[in-house]
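In our numbering, the protein residues as written are -6 to 272.
Even glycine gets a Cβ: it sits at the ideal position worked out from N, Cα and C.
Note that the coordinates shown come from a computational prediction; the quantities given were computed from them, not determined experimentally.
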């Protein structure tokens, strides 16, 4: 078993082959709106760890909140290694995407199971995509040096409006960027759902050997979230990466456990909904 496979096995459940990664790395991007639900990040991480997802996604400056927990069965760490300024409702004149130095070495020091880096496709901003490609290539080389899995997050965006960039779920664009991420060396893909979820098998096919985890995006209702989760799993996705839909939920612990039941125990949407609502 390779070093990469060893660390991958810490992310993906040995029974189902799936992974639920809860993303709480939002503060890294410097947007006040992203902090809702994680104002006290230490408390949020402790509660999520108790709920038992497969992984929790954190930045280098906050990773120790997870890794210092005394329970050796705590979730695996997914380390966010890049920071960008493309998420604001009001965009700055100059956009950037920067990666931390030696990302895989940082992962080794923090005992992370993998690192994650963005691959943005922003209309009219090819320089941001070029910076992301540079980041992925550097991360790929560093990950090979230390045996760390590389998760790439291909994000296709629509033209920016008064509210900033939003995700573009057109299947052809998502598939093309996912395929580029794999060609650049991704071990794991974190991608948006397609507008027509019935198309998602095309994303999975484009990713080939790399398991696809589906990004949650903005806040939606429980019914939409659970239904979409079931749909992408049926289409071959290997798991989910949900952030705001968990941390801004009225009961993040119950929702986490319900989603874990869907991924690893085959719970239906209706069964998961009952787990969320149970008192």
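Q: May I ask which residues mark the beginning and end of the beta strand (DSSP E) holding residue 232?
A: As a working mapping, residue 232 is identified with position 239 in the chain shown. Annotation for residue 232: the continuous beta strand (DSSP E) segment containing it runs 232 to 235.
Q: Using the Cα positions of residue 89 and residue 264, report the straight-line distance between them to the nearest angstrom.
A: One-based indexing of the chain shown puts residue 89 at position 96. One-based indexing of the chain shown puts residue 264 at position 271. Using only the alpha carbons, I get a separation of about 43 angstroms.
Q. CB-CB under 6 angstroms to residue 229, same chain, minus the five flanking residues each way: which ones, in chain order?
A. Working through the chain shown from its first residue, we reach residue 229 at position 236. Only 194 and 197 meet the Cβ criterion.
Q. Touching or not, the stretch 181 to 189 and the stretch 129 to 148, by the rule of three or more beta carbon pairs under 8 angstroms?
A. Counting C-beta pairs with one atom in each stretch, the stretch 181 to 189 and the stretch 129 to 148 have three or more that are closer than 8 angstroms, which means they touch.
Q: Compare the Cα-Cα distances from residue 202 to each of 160, 144 and 240 and report the closest residue.
A: Numbered from its first residue, the chain shown carries residue 202 at position 209. The option with the nearest alpha carbon to residue 202 is 144.
Q.
For residue 160 and residue 121, what's the separation of their Cα atoms in angstroms?
A. Locating residue 160 in the chain shown gives position 167, counting from the first residue. Locating residue 121 in the chain shown gives position 128, counting from the first residue. Linking residue 160 to residue 121 through their CA atoms gives a straight-line distance of about 16 angstroms.
Q.
Going by the DSSP bridge assignment, what does residue 253 pair with across the sheet?
A. For the purposes of this step, residue 253 is taken as the residue at position 260 of the chain shown. Its beta-bridge partners do not exist; DSSP assigns none.
Q: Report yes or no: do the stretch 168 to 175 and the stretch 16 to 30 share at least 3 C-beta pairs separated by less than 8 angstroms?
A: Taking 8 angstroms as the limit for Cβ pairs, the verdict is that the stretch 16 to 30 does not touch the stretch 168 to 175.
Q. Whose C-beta lies closer than 6 angstroms to the C-beta of residue 44 among residues of the same chain, with five residues either side of it excluded?
A. Taking the first residue of the chain shown as position 1, residue 44 is located at position 51. Only residues of its own chain outside the window of five on either side were considered, and among them 246, 249 and 250 have a CB closer than 6 angstroms to the CB of residue 44, listed in chain order.
Q.
DSSP three-state label for residue 88, please.
A. Along the chain shown, one-based indexing puts residue 88 at 95. In the structure shown, residue 88 adopts coil according to DSSP, grouped into three states.
Q.
If contacts are defined as beta-carbon pairs under 8 angstroms, then residue 190 and residue 221 qualify, I think. What distance do you get, rounded to the angstrom?
A. For the purposes of this step, residue 190 is taken as the residue at position 197 of the chain shown. For the purposes of this step, residue 221 is taken as the residue at position 228 of the chain shown. Contact flag correct, Cβ pair sits at about 6 angstroms.
Q.
To the nearest angstrom, how far is the alpha carbon of residue 48 from that of residue 99?
A. Here residue 48 is taken as the residue at index 55 of the chain shown, counted from 1. Here residue 99 is taken as the residue at index 106 of the chain shown, counted from 1. Each residue's Cα considered, the two are about 17 angstroms apart.
Q | Close Cβ partners of residue 22 (< 6 angstroms) along its chain, the five nearest in sequence each way excluded | A | Taking the first residue of the chain shown as position 1, residue 22 is located at position 29. Once the five neighbours on either side are set aside, the close Cβ partners of residue 22 are 80.
**Q.** Minimum C-alpha distance to residue 131 - residue among 177, 86 and 87
**A.** Taking the chain shown and counting its residues from 1, the one referred to as residue 131 is at position 138. It is 177.
Q. At which residues does the beta strand (DSSP E) containing residue 146 begin and terminate?
A. Here residue 146 refers to the residue found at position 153 of the chain shown. Here the beta strand (DSSP E) through residue 146 covers 143 to 149.
Q.
At the level of alpha carbons, what is the spacing between residue 266 and residue 218?
A. In the chain shown, residue 266 corresponds to position 273, counting from 1. In the chain shown, residue 218 corresponds to position 225, counting from 1. Spanning the two alpha carbons is a distance of roughly 10 angstroms.
**Q.** Selected residue, minimal CA-CA separation from residue 110, among 243, 94 and 128
**A.** Here residue 110 corresponds to residue number 117 of the chain shown, with the count starting at 1. When only C-alpha atoms are compared, the closest one is 128.
Q) Are the beta-carbon atoms of residue 97 and residue 141 separated by less than 8 angstroms? A) To locate residue 97, count along the chain shown from 1; it is residue 104. To locate residue 141, count along the chain shown from 1; it is residue 148. For the pair residue 97 and residue 141, the CB atoms are nearer than the 8 angstroms cut-off.
Q) To which residues of the same chain is residue 162 closer than 7 angstroms at the C-beta, ignoring the five residues directly before and after it? A) Here the question's residue 162 lines up with position 169 in the chain shown. Apart from sequence neighbours up to five positions away, the residues of its chain that approach residue 162 with a beta-carbon distance below 7 angstroms are 185, 186, 187 and 188, ordered along the chain.
Q: Check residue 195 in the structure and name its three-state DSSP category.
A: Position 202 of the chain shown, counting from 1, holds the residue named residue 195. In the structure shown, residue 195 sits in a helix (DSSP, three-state: H, G or I).
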